[in-house]
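Engineer:
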Amino acid sequence: MAVLLTNGKHYIAHSSTGAVIKVSDRKDAQDFRTAERAVRQKQKAPGKCAGFYCMDTGMEETEPGARKAAAAKRKKFSAKDRLAVYRKTEGHCYLCGEFVDFDSFEVEYHMPISKGGTNGLDNLYCSCATCNAIKRDIYPKEFMEKISQIFLYQMQKKYGDSLDWKVAYRLLEAMLDRKREG
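Going by the numbering used here, the final residue of the sequence shown carries number 876, and the count climbs one at a time with no gaps.
(1) When you compare only the Cα positions, how much space is there between Gly-712 and Met-749?
(2) What does a CB cutoff of less than 7 Å around Phe-746 pick up in its chain, not counting 5 residues either side in sequence?
(3) Just to confirm before moving on: does the CB-CB distance between Ala-729 and Ala-827 stay below 9 Å?
(4) Cβ of Tyr-870 within 9 Å of Cβ of Cys-825?
(5) What separation, rounded to the nearest whole angstrom, lies between the Cα atoms of Leu-818 and Ile-807?
(6) Starting from Val-717 and walking both ways along the beta strand (DSSP E), at which residues does that stretch end?
(7) Within 10 Å of its beta-carbon, does Asp-651 have 16 or more other beta-carbons around it, so buried, or fewer, so exposed?
(8) How should Asp-795 be labelled, buried or exposed, when 16 other C-beta atoms within 10 angstroms of its C-beta is the threshold for buried?
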């Protein structure tokens with residue numbers, strides 16, 4: 695299993711001098727090992743990595759053809775479309791709310807292409823590189839469940855003995871349960 699940066703046709707690699715380069719052959723691609731490392735590479739070289747996204751080869755092995763089909767359906771968005779997507783959230787990541795510079799925002803599919811989403815503007819949102827890498831191609835509901843689970847677990851580890859946390863935990867759990875049912 696490897697984590698690569700690709701645009702569906704090329705891959706990101708490093709030359710012998712350490713410069714960021716694009717290669718056509720997947721076996722020459724840089725294995726970043728984690729999505730976080732790949733995102734850091736995109737942040738270090740945004741110009742050379744523009745239009746590239748993380749690809750986990752482990753997923754590709756478990757779902758043959760899923761990435762290839764998704765890449766085939768993805769489209770390169772015009773400057774006008776990118777501006778419209780960016781303005782929808784006034785330059786803020788629609789997942790975490792952080793402000794994202796226009797030059798570094800990523801177009802996020804609310805409903806992933808691989809799950810039947812479209813390239814229509816109603817399915818596209820402004821996202822920061824970190825959230826885009828974390829969400830990848832899961833359903834929005836599954837993403838929110840996972841983020842909630844991580845948050846509750848980490849807070850429980852840190853503040854488990856605190857009375858304030860015990861009250862907050864019960865309120866949050868009840869709220870999440872209602873959301874799951876409705």
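Backbone N, C-alpha and C fix where the C-beta goes; we use that ideal spot for every residue, glycine too.
Structural biologist: Based on what the coordinates show:
(1) Here the alpha carbon of Gly-712 sits roughly 21 Å from the alpha carbon of Met-749.
(2) Once the five neighbours on either side are set aside, the close Cβ partners of Phe-746 are Leu-699, Thr-700, Asn-701, Ile-706 and Lys-736.
(3) Their beta carbons are under 9 Å apart, which means Ala-729 touches Ala-827 by this criterion.
(4) Looking at the sequence shown, residue 870 is not Tyr but Leu. No, Cβ-Cβ distance for Leu-870 and Cys-825 is not below 9 Å.
(5) Roughly 11 Å separates the two Cα atoms.
(6) Counting along the chain, the beta strand (DSSP E) containing Val-717 begins and ends at 714-717.
(7) The shown model of the chain, from 695 to 876, leaves out residue 651, and the question about it has no answer.
(8) So Asp-795 ends up on the exposed side.
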